[in-house]
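Residue numbers (our numbering), protein chains in the order written: chain A, 1 to 216; chain B, 1 to 216; chain C, 1 to 216; chain D, 1 to 216.
For glycine and all other residues, C-beta sits at the position ideal for the given N, C-alpha and C.
In this text, all values refer to a predicted model and were calculated from it rather than measured experimentally.
Right, one structure below, let's go through it.
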DNA sequence: GATGAATGAGGGTTCATTCAT
DNA sequence: AATGAATGAACCCTCATTCAT
């Protein structure tokens, strides 16, 4: 029950209220189940105002994805010191990731739900965010691999597709763990991040050392 | 495409047609966006017949989840020879998993995307399947850990929560890779499975040897 | 759950089964809320058979009304000895009425519900039955009035409309009491009939003696 | 008749229009046969507006019952001067009752027919109104009985159940007469009320004097 | 005599969206 | 800057009814 008869506020403030309400509603109910009525009421404004500022349900949702994706990516980026080793960068990034998703469950719900929807019109938005994460992971892995390869005189081209596949796997594992951690009481972001490091670092290390697992 | 004035067919056949149409529609459009009209038309029957046989949208969706989950689990189970080593079992299982998901993209979409997105009671159905996979992975990991520990005389208790977390990560990585593989032309199930083995086997091995990664 | 795979029975028997099921269903749920599926299932036959024998929902309902109305009117008529006095005839008729309605609540529900519906297509049926009851009551009252008037030398024409009005009132009171009696545990048909005699006989007697109540 | 593109009106006005249309439609066609489309069209608005204001078909029907019951009870109550004798009160009440039902046939149909036919929760609403009338009648009868008993030194307890039964009979007779009067051209409310007074007053008088009719 | 298979039509309800103020 | 009033379009579901066997 938002305040009724909302007093005139600057557009920026109102927009933030609406987006907050939208993220909460989309996150908890999903895109289709969330109604513009719900969002407007939670924001404490009338529906026409939502349309005036945010244009349409699709646009509103897209804006939510963008805002939450930026917040998450910024949080991760801010945690990373490019001067550190690959291992330290990955650890810092994962810790920031799990911390942020734990602190913004609705925002994360919006993002992760979206990541699981392929049908247009939001596929693009989700793909963009995922691509950024994957690209970042790829950079770290790639950098680490190059270090190692320099030492081991191995072909410096850790195939692009390998990196992409690993990044996908890492991202998927992270998403899955984030959901699991959020739903497991007493589970800290630190534990989740450690679990994922445990899971992935050795394999990544092996790969970087060109010790691939292969069937038979 | 949907023929009008459908010829009389035995109920079992019609039900299968409807479920096929439903899986396709749910998988491609999502639960909410899929309309019973769409499904009926694709199945080539009238809507009332769908209701007569499958009862309601919810029931239909649940039936889809169950059918596809069973098909996937059966495919994986059939691929595993319990006499093999843990490593071989995991490889065979992953290969079967990626093969099946590649061959049944709509069914996999229903399981991985839609079932997660809608709240109860669907999430429960999907969770049941995930739990089976996770349990299987846990068994394999646990067995492998015991082997190793026998050799290394280590404490046989690989903490329950660790196993659960790892299984979550592995399942998430697999889901993510399955989606990625499906969307990447020229990507084979074998490659996806190998990527995931690469990614995970070394880490699992380390863990089984109690060589954990830890911060600092 | 009626028996499945009903064995071949003579049409008359099957029809009675269907009508029994229909009366029960219509009586308990009302015309619109009763579905042909419900009735067919309760009768233990398939729907097409119901249509084959009874033609349509409307026809089925009409047949129910006719059958139940006939049963009620027959029961009342059988209880009346034309040789008795008007008072005794009325008493016997009311007693039979309340007894029958108590013993056939579903049939009575069909009739009384219908009596309260004016919209076509059933108004006619209900009106016909009510007219018969009213006519009978009118006959008794009229006869009694003539007796009395012969003694009192009063205008023998107790206005037609007066009789009709009184009959309406009596019929309404009887309907109301029948519903009340059916819903009041421990209430016997005899008590209900006595209550109505109490209520009406004095007034009828006065009227027959030309002692009318009039305002002021 | 229903204008399209309805002009903007205050909610209160629109609500009254909708309720008017609903009473008319429910009264003439019955609850089940009346469609929300019909009602909306008759009210000259779109269906969603009906839902926005009145919530659901059930709620709308309940609101109709309440409104019409209140109107009827108010009309009767306004006609009664508590200073008058029981006889005069009854006469005034009946006159008001028949006048009101004659002037509002659809409202009366909703109350007397439809509300009875549908099960709970509507029957409850209608029962409430009937109970008020019955209670009022009971009060009048009881008061008159006491007067009489004071004169005749009789046991002042006119059995509760007797009063209830009589009130039921009176109410039923009134309902029946109201329907009859509405369907009989040239029939005035005054005549209907007089008929019922004729029918009932003598009997009530006898009862109050403890002169009961009894069989044999 | 009896039924499994099938549907046209319509009803209640919801929602994103706009208009007039 | 902000909203009360209003709707077109769809969606889920049910039902009386028929066809082919």
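Straight-line CA distance for residue 3 of chain C to residue 44 of chain C?
-> At residue 3 of chain C, the pLDDT of 43 sits below 50, so the modelled position is not reliable; the number obtained from the coordinates is stated separately. Computed Cα separation, rounded: 5 Å.
With a cut-off of 9 Å, does the C-beta of residue 17 of chain D fall near any C-beta of chain C?
-> no
Do residue 199 of chain B and residue 110 of chain B have their C-beta atoms within less than 9 Å of each other?
-> no
Element boundaries [alpha helix (DSSP H), containing residue 105 of chain D] | 105 to 109
Do residue 189 of chain D and residue 102 of chain D have their CB atoms nearer than 9 Å?
-> yes
Can you list, in chain order, the residues of its chain whose CB lies under 6 Å from that of residue 60 of chain A, leaving out five sequence neighbours each side?
-> 22, 54
Please check if any C-beta of chain A sits within less than 9 Å of the C-beta of residue 217 of chain B.
-> Beyond the ends of chain B as shown, which are 1 and 216, falls residue 217 of chain B; an answer cannot be given.
Going by Cα to Cα distance, which pick from C:134, C:140, C:17 is closest to residue 83 of chain C?
-> C:140
By a C-beta neighbour count over all protein chains shown, 10 Å radius and 16 as the cutoff for buried, is residue 1 of chain C buried or exposed?
-> Note that residue 1 of chain C has pLDDT 41, beneath the 50 cutoff, so the model's placement of it is unreliable and the number below is only indicative. Answer is exposed; the Cβ neighbour count stays below 16.
Indicate whether at least one CB of chain D lies closer than 9 Å to the CB of residue 98 of chain C.
-> no
Residue 53 of chain C, DSSP secondary structure in three states | helix
Taking the C-alpha atoms as reference points, what is the distance between residue 7 of chain D and residue 114 of chain B?
-> 43 Å
Short-range partners of chain B found in the stretch 193 to 213 of chain A, where Cβ spacing is below 9 Å | 193, 194, 195, 196, 197, 198, 199, 200, 201, 202, 203, 204, 205, 206, 207, 211, 212, 213
Of the residues that make up the stretch 172 to 184 of chain A, which ones have a beta carbon closer than 7 Å to any beta carbon in chain B?
-> 172, 173, 175, 176, 177, 180
Buried or exposed by the 16-neighbour rule on C-beta atoms within 10 Å, applied to residue 137 of chain C = buried
Does the separation of the CB atoms of residue 72 of chain B and residue 129 of chain B fall below 9 Å?
-> yes
Inter-residue spacing [alpha-carbon to alpha-carbon] between residue 32 of chain B and residue 167 of chain D = 55 Å
Identify the contact partners of residue 32 of chain A in chain B, using a Cβ-Cβ distance below 7 Å as the criterion.
-> 32, 33
Of all Cβ atoms in chain A, is any one closer than 9 Å to the Cβ of residue 132 of chain B?
-> no
Whole angstroms is fine: what's the gap from residue 214 of chain D's alpha carbon to residue 144 of chain D's?
-> 22 Å
Inter-residue Cα distance where the pair is residue 192 of chain D and residue 193 of chain C = 24 Å
Would you say residue 202 of chain D and residue 88 of chain C are within 9 Å of each other, going by their C-beta atoms?
-> no
Use the C-beta contact count for residue 85 of chain A: other C-beta atoms within 10 angstroms, 16 or more gives buried, fewer gives exposed.
-> exposed
Alpha carbon to alpha carbon, how far is residue 66 of chain D from residue 68 of chain A?
-> 50 Å
Taking Cβ to Cβ, would you say residue 121 of chain C is nearer than 9 Å to residue 62 of chain C?
-> yes
Can you find a C-beta in chain C that's less than 9 Å from the C-beta of residue 121 of chain D?
-> no
Who are the neighbours of residue 89 of chain A on chain B, taking C-beta pairs under 9 Å?
-> Chain B residues near residue 89 of chain A: none, gap ~13 Å exceeds 9 Å.
Run down chain D in chain order and give the residues with a C-beta less than 8 Å from the C-beta of residue 24 of chain C.
-> Near residue 24 of chain C there are no residues of chain D at all, since even the closest Cβ is about 15 Å away, more than 8 Å.
For residue 107 of chain C, I'd like the list of residues in its chain whose CB is within less than 6 Å of its CB, leaving aside the five on either flank, ordered along the chain.
-> 23, 68
Under a Cβ-count criterion, where at least 16 other Cβ atoms within 10 Å of its own Cβ denotes burial, should residue 134 of chain D be classed as buried or exposed?
-> buried
Answer with yes or no whether the minimum CB distance from residue 128 of chain C to chain D is below 9 Å.
-> no
Backbone secondary structure at residue 80 of chain B - three-state DSSP = coil
Sequence-distant residues of the same chain with beta carbon closer than 7 Å to residue 64 of chain C, five excluded per side = 19, 22, 23, 26, 110
With burial defined as no fewer than 16 other Cβ atoms inside 10 Å of the residue's Cβ, what is the status of residue 161 of chain B: buried or exposed?
-> exposed
Assign residue 1 of chain A to one of three DSSP states: helix, strand, or coil.
-> Note that residue 1 of chain A scores a pLDDT of 41, beneath 50, so its modelled location is shaky; the value from the coordinates is reported in the next line. In the structure shown, residue 1 of chain A sits in coil (DSSP, three-state: anything other than H, G, I, E or B).
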